[in-house]
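Shown next, in structure tokens, is the structure this report addresses.
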Ligand SMILES: [Zn+2]
Ligand SMILES: [Zn+2]
């Protein structure tokens, strides 16, 4: 014989209450109404306690911006009273600056009871402002300058494109978690590129990546630019990244031998020794590195056509520009290279060096 619910008289199941009365006295969530949604008029970020919550890339692509903003607001305003509550939002009425929604919560008020749904009418009032990031950006705020130069030459278009891509990707990746992850100014001239970056930390991490990727030199300077509110000195950092004179495809000398740069990245500089006919990788700590010197640009590379290729005889090749014919050792070329094929070489003091195929 079950005890009757002390509220309604139906059979009780928990704490002297029937399921319905238990649910009614133990709500799944707590939410206030009306709520104010303060968002940034430039980027749509939503003000929540402790800062501004940025919208993800995905949500800014879709038309229902407000839906994502309401989600962010509810995320910080709705207090779940039990675990595993599922929330859904339904628009009831939308006026210019006021939105009426029904917030539905699905869950169990007690693990021994079946799940149920609760509906809460919530009024959301929209107001608009400027978030910290947009405020700083529009004011031209920056903590650091990143300067990219190259040793004794200009940056190549390829390098410029790559560097802009790296800076952009790293800034976007930090955007959600760092209020100062933005670039206020990019300038580019014959000497190189300058980036004015909001966050010093972001600037340092971009410099780390570029330094490693291009085996570049790095210099850091601080300049006193004023005082913070507390009277502490405020510095602005300039990080100079100087790319080496050579890039991929260029010619260098290592241990006195002419080499072609095949790759450069975090793990070091990979070269093909044109005399030894073999590839090697070194980093700035290796003893070979100290003998490294720039020799010639990749533009010095010449194109040749194989004109005669007969087993047991020197191979004849013809310079595609000067039509000059020269003979090279047949063993230099791999077996699959036949008459008519194109090969590349470097002429140094009238010596021919066959370049590795690409
Ligand atoms: Zn009851
Ligand atoms: Zn904003």
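Numbering (our numbering), first residue to last: 15 to 372.
Every residue, glycine too, gets a C-beta built ideally from N, C-alpha and C.
From a predicted model like this one, the values you see are computed outputs, not experimental measurements.
Could you tell me which residues DSSP pairs with residue i in its beta bridges?
i           : result
residue 283 : 278, 296
residue 411 : There is no way to answer for residue 411, as the model of the chain reaches only from 15 to 372.
residue 232 : 255
residue 332 : 319, 339
residue 20  : Its beta-bridge partners do not exist; DSSP assigns none.
residue 107 : 114
residue 241 : 247
residue 304 : Bridge partners of residue 304: none, in fact.
residue 289 : Its beta-bridge partners do not exist; DSSP assigns none.
residue 359 : 316, 368
residue 133 : 118
Should residue i go down as buried or exposed, given a rule of 16 or more other Cβ atoms within 10 Å for buried?
i           : result
residue 123 : buried
residue 339 : exposed
residue 352 : exposed
residue 26  : buried
residue 104 : exposed
residue 187 : exposed
residue 373 : Residue 373 is absent from the structure shown; the chain starts at 15 and stops at 372.
residue 318 : buried
residue 83  : buried
residue 281 : exposed
Measuring straight from C-alpha to C-alpha, what distance separates residue i and residue j?
i           : j           : result
residue 180 : residue 303 : 27 angstroms
residue 6   : residue 223 : Nothing can be reported for residue 6, as the shown portion of the chain is limited to 15 through 372.
residue 157 : residue 111 : 37 angstroms
residue 152 : residue 137 : 32 angstroms
residue 92  : residue 46  : 8 angstroms
residue 119 : residue 39  : 15 angstroms
residue 277 : residue 191 : 34 angstroms
residue 357 : residue 163 : 33 angstroms
residue 14  : residue 371 : Outside the displayed range of the chain (15 to 372) lies residue 14, so it cannot be described from this structure.
residue 37  : residue 126 : 12 angstroms
residue 362 : residue 286 : 16 angstroms
residue 235 : residue 255 : 12 angstroms
residue 230 : residue 270 : 22 angstroms
residue 195 : residue 265 : 38 angstroms
residue 176 : residue 142 : 37 angstroms
residue 360 : residue 257 : 24 angstroms
residue 212 : residue 128 : 52 angstroms
residue 44  : residue 253 : 50 angstroms
residue 272 : residue 288 : 6 angstroms
residue 52  : residue 113 : 13 angstroms
Figure out for me which residue from the options has the closest Cα to the Cα of residue i.
i           : options            : result
residue 364 : 316, 320, 371      : 316
residue 205 : 296, 170, 88       : 170
residue 88  : 67, 108, 97, 107   : 67
residue 149 : 55, 230, 41        : 55
residue 50  : 41, 57, 62         : 62
residue 275 : 290, 295, 269      : 295
residue 203 : 161, 265, 215      : 161
residue 167 : 212, 260, 306, 291 : 260
residue 279 : 335, 292, 227, 30  : 227
residue 207 : 300, 173, 267, 21  : 173
residue 182 : 220, 147, 193      : 220
residue 218 : 78, 31, 251        : 251
residue 155 : 193, 246, 347      : 193
residue 283 : 65, 24, 107, 262   : 262
residue 214 : 140, 242, 289, 249 : 249
residue 325 : 346, 334, 81, 311  : 346
residue 117 : 185, 133, 147      : 133
Going by DSSP, what residue range makes up the beta strand (DSSP E) through residue i?
i           : result
residue 201 : 197-203
residue 316 : 316-322
residue 182 : No beta strand (DSSP E) contains residue 182, which is instead part of the alpha helix (DSSP H) from 171-189.
residue 66  : 65-67
residue 269 : First-last for residue 269: undefined, no H or E at that position.
residue 164 : 158-164
residue 62  : 60-62
Return the first residue and the last residue of the alpha helix (DSSP H) that residue i is part of.
i          : result
residue 38 : 33-39
residue 82 : 79-91
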